[in-house]
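First the structure, in the form of structure tokens, and then the observations on it.
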Amino acid sequence: MYITRPHVKGHSLELTANTPQQLRHTNMNAILGVMRRSGAVTGTDLIEATGLARATVIAVCDDLIKAGWVRELPAQKMTVQKGRPARVFEFDARAGVVVGLDFGVAKTTALVADLRGTILAKATEGLSEFTAPDDERLASIDTAIRTALEAAGVTPDSVLVAGVGIAAPVDRKGNISHGQEFWEHLDIGVPEDLHTRYGWPVLLGNDANLAAMAERWMGVGAGSDDLAVMLAGERIGFGLMDSGRLLHGAAGRTGEVGSLQLVDGVGTPDGIAVLARDMAAAACQKGAPKTTLTAVAGKNGEGMTAEAVFAAAAGGDKVAHKILDDIARRMARVIAWTATLVDPELVVIGGAVAASSTVLLDPLQEELTQLMPNPPRVAVSTLGDAIVTLGAVRLALDYVEKHALDLLQGRSD
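In structure tokens:
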């Protein structure tokens, strides 16, 4: 699930049933929904798609044109029947933009997208260190946003909503769960700061949950209603969907797997990147014979990367291949443990290490068949390190689609 922080100007969304405002809201969302999924449409197209009366359709379209969300194209001449040329309308995907952010330990990445989800620009701003002061980290987020907006050729005033992904649980009130020092260190008031700077509605979501949203939107998980996305770079975390619905939990901790020390053969929530680096560095320090990894590791193993380990395994390096098998065995236990609880049809490995993890698939799937009957299919994400940021964009777009009328009113205030 995801959360709207209470920093939203002018959004009073609790409407009495069947009020004129609610009816207008419903009609507008229905028409905008058709337009977003289509190209140019006529009034008749909208009537057939929504079941609304012609007068209602035309009135809503005129309101949307005035608001700048819809363009009217040159009228079409009637070819068979006599009468007025048909009015033609088109959703203006550049009527506004949304911002998606991935606020991480070492960097912040910002995406700017139009209202159809087309990515217009991307910017990344690094941090000097994880323990940098809060004001320095907030400033780096602002720099990433401003750089992305400038690259997209838009101003902050054109942003309708910002979505933010963070590597910590987020409850339904928008609060970051405490209980781990790492989570608490990320709780620096990002939504409050962005709302103060720009006045935008700001939405906060857990990174793994947003990754699941991104996969179901435009990744290998598209069309999968029962989906698990495993972010498994530095630490393991799951975003879980059941029947197309994101699982959240009372404190937003669904998918957090800090209790993996209870799982035999696992022990820690360390991710694929950490395991590959540490196992390879340890093997090299022990003087592993005839491995290409020694040249990569350097004197103390500082140069080791998961990508180098997987590339060596794919190239036939026996030491790297053993590491690969060990990681596959461990990840299979993590997936089997999770799949026993939520029964996904598909598990997607995501995050920065995903692209190089393809070599894990065969041994991992084979190991799963030994651990459980009818195991889920496992795939590697194609979204790379943008997976969380894309999920933040999807989060923002969902808000725009649900609250279009309120955003229109906010712009006119």
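Anchor point for the sequence shown: position 270 equals 271 in this note's numbering, and the numbering is continuous, going up by one each time.
Here a beta-carbon is modelled for each residue, glycine too, at the ideal position from N, C-alpha and C.
(request) May I ask you to verify whether the region 203 to 212 touches the region 162 to 175, counting CB pairs closer than 8 Å and requiring at least 3? (result) yes
(message) Taking only three categories from DSSP, how would you classify Asn176?
(response) For this step, residue 176 is matched to residue 175 along the sequence shown. It is coil, neither helix nor strand.
(message) If you measure between the beta carbons of Glu49 and Leu74, is that distance less than 8 Å?
(response) Taking the sequence shown and counting its residues from 1, the one referred to as residue 49 is at position 48. Taking the sequence shown and counting its residues from 1, the one referred to as residue 74 is at position 73. For Glu49 and Leu74, no; Cβs fall outside 8 Å.
(message) Three or more C-beta pairs under 8 Å: does that hold for the region 325 to 343 against the region 271 to 282?
(response) yes
(message) With the cut-off set at 8 Å, would you say Ala229 and Val343 are in Cβ contact?
(response) Counted from its first residue, the sequence shown places residue 229 at position 228. Counted from its first residue, the sequence shown places residue 343 at position 342. The answer is yes: Cβ separation under 8 Å.
(request) Hey, could you find the ends of the beta strand (DSSP E) Gln77 is sitting in? (result) Reading the sequence shown from its first residue, position 76 is the one you call residue 77. Per DSSP, Gln77 belongs to the beta strand (DSSP E) from 71 to 77.
(message) Are the CB atoms of Arg25 and Leu406 within a distance shorter than 8 Å?
(response) If you number the sequence shown from 1, residue 406 lands on position 405. If you number the sequence shown from 1, residue 25 lands on position 24. Contact flag set, yes.
(message) Please give me, in chain order, every unbroken run of the beta strand (DSSP E) with length at least 3 that falls completely inside the region 307 to 354.
(response) 347 to 351
(request) Could you say which of His196, Val320, Met242 lies nearest to Met280 if we only look at CA atoms? (result) Position 279 of the sequence shown holds residue 280. Looking at the Cα atoms, Val320 is the closest of the given residues.
(request) Please report the residue range of the alpha helix (DSSP H) in which Leu102 lies. (result) Here residue 102 corresponds to residue number 101 of the sequence shown, with the count starting at 1. Looking at the DSSP string, Leu102 is not in any alpha helix (DSSP H); the run it does join, the beta strand (DSSP E), is 98 to 104.
(message) Taking its Cβ as the centre, do 16 or more other Cβ atoms sit within 10 Å of His404, making it buried, or is it exposed?
(response) Within the sequence shown, numbered from 1, the residue matching residue 404 stands at position 403. Answer is buried; the Cβ neighbour count reaches 16.
(message) Let me confirm a value: Thr119 is counted as buried when at least 16 other C-beta atoms fall within 10 Å, else exposed. Which label applies?
(response) Indexing the sequence shown from 1 puts residue 119 at position 118. When all chains shown are included, Thr119 counts as exposed.
(request) Please work out which residues of its chain come closer than 6 Å, Cβ to Cβ, to Glu130, disregarding the five sequence neighbours upstream and downstream, and give them in chain order. (result) Translated into positions along the sequence shown, residue 130 becomes position 129. Answer for Glu130: no residue qualifies.
(request) Alpha carbon to alpha carbon, how far is Arg37 from Ala277? Give it in angstroms, no decimals. (result) Here residue 277 corresponds to residue number 276 of the sequence shown, with the count starting at 1. Here residue 37 corresponds to residue number 36 of the sequence shown, with the count starting at 1. Rounded to the nearest angstrom, the two C-alpha atoms are 44 Å apart.
(request) Compute the beta-carbon to beta-carbon distance between Met373 and Ala397, rounded to the nearest angstrom, for a pair I have assumed lies under 8 Å. (result) Taking the sequence shown and counting its residues from 1, the one referred to as residue 373 is at position 372. Taking the sequence shown and counting its residues from 1, the one referred to as residue 397 is at position 396. Not really, about 37 Å apart at Cβ, beyond 8 Å.
(request) State the Cα-Cα distance for the pair Gly352 and Thr390, rounded to the nearest angstrom. (result) Numbered from 1 along the sequence shown, position 351 holds the residue referred to as residue 352. Numbered from 1 along the sequence shown, position 389 holds the residue referred to as residue 390. Taking the straight line from one Cα to the other gives about 11 Å.
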